[in-house]
Every structure is written in C-alpha cells, then in structure tokens.
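Trainee:
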Amino acid sequence: MGEVISPQLVKVLTEVTGEMHLDSALRILARDAIDHRLKQLDARLLALEHQYGCSFESFDRRFQAGEIPNQHAYAIEQDYLEWEGLLSRQRHLLKVRMWLQ
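Just so you know, we're using this note's numbering here: the sequence shown kicks off at 2 and counts up by one.
#1: If contacts are defined as beta-carbon pairs under 8 Å, then residue 38 and residue 94 qualify, I think. What distance do you get, rounded to the angstrom?
#2: DSSP three-state label for residue 72, please.
#3: Compute the beta-carbon to beta-carbon distance between residue 91 and residue 42, rounded to the nearest angstrom, for a pair I have assumed lies under 8 Å.
#4: Do you know whose CA, among 3, 25 and 85, lies nearest residue 56's CA?
#5: Measuring alpha carbon to alpha carbon, tell me which residue in 73, 81 and 28 is nearest residue 53.
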C-alpha cells in the first residue's frame, strides 16, 4: 500500500483505542465502526419487521406470491428493496467483522 498516516492521526488512534501498535489500533477502530453500523442496521431492520409484522423471509414469500396488499405501491416496493439491501449489507459486515477477530 505504502500509505502514510500522519503522526497526529497515529496519536489519536493510540489514545482512543489504548493500543500502541497501529495495526491493532486500526483493527479495534474498524471493529467498533462495524459494530456501530450493525446496530444501526439492526434498528432499521427491526422497524421494518415491526411495520410489516414479519421477517423479510416471510415478507418476501408473500410478496413473490402476490399476497401483499398494494404491493406495487411505490412505498412498499421501496421498503422491499431497502429491506433486501439492509440484509445484504448486514451479511457483508458480519463477514468483515469475523475477519477482524
């Protein structure tokens, strides 16, 4: 890579994480950022589950079967796409989080 990190940023990273080694500090910071993002995703996923009264898997089955009232309304289609995207992002972040262990 060959990227240079400024001494000020190194100082912030080590002070925030309590780690003297830059690699360890960056891993901690990355894990914390992923955990924060996962909490945000979980909150939005929970809101969608509450709104529709089911998991995405159940909603998807009903959607594919044409059982959702007004399912082609813009708002419902947008929720479907958002929900699907959030779950995809969640899976990806969980994989990255495992790599950082």
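Glycine included, C-beta positions come from ideal geometry on N, C-alpha and C.
This one's a predicted model, so the numbers in the text were calculated from it and none came from an experiment.
Mentor: On the basis of the data shown:
#1: 6 Å
#2: coil
#3: Beta-carbon to beta-carbon, residue 91 and residue 42 are separated by about 5 Å, close enough to satisfy the 8 Å threshold.
#4: That would be 85, whose Cα lies nearest to the Cα of residue 56.
#5: 81
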